[in-house]
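Numbering (the numbering used here), first residue to last: 45 to 263.
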Ligand code: MD3
Ligand code: FE
């Protein structure tokens, strides 16, 4: 294993695989070698389907801006949360999942012990300074047997990892540019969130944090 300090962060290991739970793995730096291609692909997707601040069924506007690629995209409005094939802003299909996304999601799932991961949805979260994601479960997907693969790019964040119940204690993990986390099995329905992102500057994403979550919605 080796360390690197390209971006003025504290030296940190890359290539380590840390187990966060029975079915959850943090793959440190797993996406680093592909990070530039991933960010460029996000920019191309955003040109077609721009990031937007969705409204929750409770009437709150989310601080994280979201877009999607793949056959299905996640959307929220006053009527509820759902996956659908069309971007409601354009009325057109979500942009296709770039090959570099498909390959990374597959490779990361495999490295965490999940064979043949073939996601049909990729939610792209964009965090400006101060944006956060409050504790929630991801349970809008029909296929809860498949893992979720999450890729962190740009500014770092503190990830909050709770338990099966909202009131369970929360663990905190720092997620850096290039880190990938794979969540499956027993950990798939754990509550989780992201603490407010601190202001900063990253050479690839500027003042933002990006997070890609790859999901298998339909069986
Ligand atoms: C743990 N996104 O989009 S990804 C989300 O950094 C979401 O933007 C966060 O939570 C982000 O829904 C965190 C990590 C993640 C995703 C799904 C999980 C963690 C998970 C499902 C179960 C347990
Ligand atoms: Fe989530």
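Every residue, glycine too, gets a C-beta built ideally from N, C-alpha and C.
Requested in this report: Please say whether residue 201 and residue 258 have beta carbons closer to each other than 9 Å?
Outcome: no
Query - For residue 136, the nearest candidate out of 128, 177, 143 (CA to CA) - result: 128
Query raised in the report: Could you give the distance in angstroms between the alpha-carbon of residue 219 and the alpha-carbon of residue 196?
Result: 7 Å
Query - Nearest candidate by alpha-carbon position, reference residue 133, set 173, 60, 94, 87 - result: It is 94 whose Cα lies nearest to the Cα of residue 133.
Query raised in the report: By a C-beta neighbour count over all protein chains shown, 10 Å radius and 16 as the cutoff for buried, is residue 114 buried or exposed?
Result: buried
Query raised in the report: Using the beta-carbon count (16 or more within 10 Å), is residue 191 buried or exposed?
Result: buried
**Report entry** Reduced DSSP secondary structure (H/G/I, E/B, other) of residue 229
**Finding:** helix
Requested in this report: To the nearest angstrom, report how far apart residue 83 and residue 73 are at their CA atoms.
Outcome: Roughly 15 Å between the two C-alpha positions.
Query raised in the report: Using the beta-carbon count (16 or more within 10 Å), is residue 143 buried or exposed?
Result: Exposed: under 16 other Cβ atoms inside 10 Å.
**Report entry** Nearest-angstrom beta carbon gap, residue 107 and residue 174 [assumed within contact, 8 Å]
**Finding:** The pair is a contact, with the Cβ atoms about 7 Å apart (cut-off 8 Å).
Query - Identity of the residue in 233, 221, 100, 162 nearest residue 181 by Cα - result: Cα-wise, what sits closest to residue 181 is 233.
Query raised in the report: Comparing alpha-carbon positions, which option in 121, 149, 89 lies nearest residue 170?
Result: Nearest C-alpha to residue 170: 89.
Report task. Just the C-alpha distance for residue 211 and residue 178, rounded to the nearest angstrom, thanks. Result -> 13 Å
Query raised in the report: Taking C-alpha atoms, which residue in 163, 122, 153 lies nearest to residue 261?
Result: 163
Report task. Go ahead and label residue 63 buried or exposed: buried means 16 or more other beta carbons lie within 10 angstroms of its beta carbon, across all protein chains shown. Result -> exposed
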